[in-house]
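Asker:
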Amino acid sequence: MAEPVRKCRRCGREVPAGELSKRGLCPSCVLESVQEAVRQLREHRGPVYEKWRKAWEAANERRITSIIEYKKLHRGEKPLPELWEVRREREERHAAQAE
Ligand SMILES: [Zn+2]
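Residues in the sequence shown are numbered from 91 upward in steps of one, following our numbering.
1) Between Val176, Ala145 and Val128, which has its C-alpha nearest Lys161's C-alpha?
2) Which same chain residues end up closer than 8 Å to Ala127 when comparing Cβ atoms and leaving out the 5 residues on each side of it in sequence?
3) Residue ranges of each beta strand (DSSP E) run of no fewer than 3 residues wholly in the stretch 141-176, ordered along the chain?
4) Going straight from the alpha carbon of His164 to that of Arg183, what length do you get?
5) Give the secondary structure of Arg99 by DSSP, where H, G and I count as helix, E and B as strand, and everything else as coil.
6) If you count every other CB in all the chains shown that lies within 10 Å of the CB of Leu207, and 16 or more means buried, which is it?
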């Protein structure tokens with residue numbers, strides 16, 4: 091039985107269904123979109139870069155908030171632990187608050 095054929099969401103070309111990416115792109119459109127993303131990240135502009143920058147800033151904000159909360163809770167009692175420990179403690183505290 092022949093493999094079903096589907097259309098690329100970007101260029102509309104028909105390709106075997108198994109060759110389409112998760113986002114429904116054919117191999118050559120995948121290559122183009124990766125190259126475009128790399129170019130935007132390198133040039134620090136464009137929608138891909140803006141999305142990356144916002145996600146990075148949000149992650150940084152959460153990191154700083156975690157450290158500030160930890161310092162308030164344990165004023166000088168404990169040295170600042172590894173970042174993952176700060177994060178886990180914060181998640182546990184927030185989960186307990188939500189209950
Ligand atoms: Zn395509």
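Backbone N, C-alpha and C fix where the C-beta goes; we use that ideal spot for every residue, glycine too.
Answerer: Taking the definition as stated:
1) Along the sequence shown, one-based indexing puts residue 161 at 71. Minimum Cα distance to Lys161 is reached at Val176.
2) Residue mapping note: residue 127 aligns to position 37 of the sequence shown, counting from 1. Contacts found: Val138.
3) As far as the stretch 141-176 is concerned, it has no whole beta strand (DSSP E) run of at least 3 residues.
4) Translated into positions along the sequence shown, residue 164 becomes position 74. Translated into positions along the sequence shown, residue 183 becomes position 93. Rounded to whole angstroms, the gap between the alpha carbons of His164 and Arg183 is 13 Å.
5) As a position in the sequence shown, residue 99 is number 9, starting the count at 1. In the structure shown, Arg99 sits in coil (DSSP, three-state: anything other than H, G, I, E or B).
6) Given a span of 91 to 189 for the chain in the structure shown, any question on residue 207 remains unanswerable.
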